[in-house]
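Residue numbers (our numbering): 17 to 165.
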């Protein structure tokens, strides 16, 4: 096929040395138009083959991208799950203990009812809200207001 293409290319360029390979009966069937049409048909077939190979390659790349996306989402879920901590373990043990440290009459009369200790939060969020919660508890325990809260 490569040899034929070279012959057709040289014929299109005006080279007549390749004509010696054809018999005179074959020469009657091939004129410039036939050579050009066969050349175009071969080029079209080559282009179609390249396109089909590209479609297969693109399909494989899309499949790989889908797999990578699934893997990235799974990894993100696993990292998020690893960072989750039950709020009762972190905050609910710290807040009452710090409130008890403050010896005020109101603090000694207060009692704690905490629920939802198994709720999980990101460890960073727990670290960020623990100090404000302790502050609120201390303010409540040391308050001099006589109103019920």
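Cβ coordinates follow ideal geometry from the N, Cα and C atoms, glycine included.
In the structure shown, residue 136 adopts extended strand secondary structure according to DSSP, grouped into three states.
CA-CA distance, residue 94 to residue 69, rounds to 38 Å.
About 4 Å separates the beta carbon of residue 136 from that of residue 100, a gap short enough to meet the 8 Å contact definition.
Pairing residue 146 with residue 107 gives a Cβ-Cβ distance under 7 Å. The C-alpha of residue 65 lies about 56 Å from the C-alpha of residue 139. A residue is called buried once 16 or more other Cβ atoms fall within 10 Å of its Cβ, and residue 63, having fewer, is exposed. Between residue 103 and residue 74 a beta carbon distance of about 48 Å is seen, past the 8 Å cut, so the two are scored as non-contacting. Using a 10 angstroms sphere on the CB of residue 153, the tally of other CB atoms reaches 16 or more, which defines it as buried.
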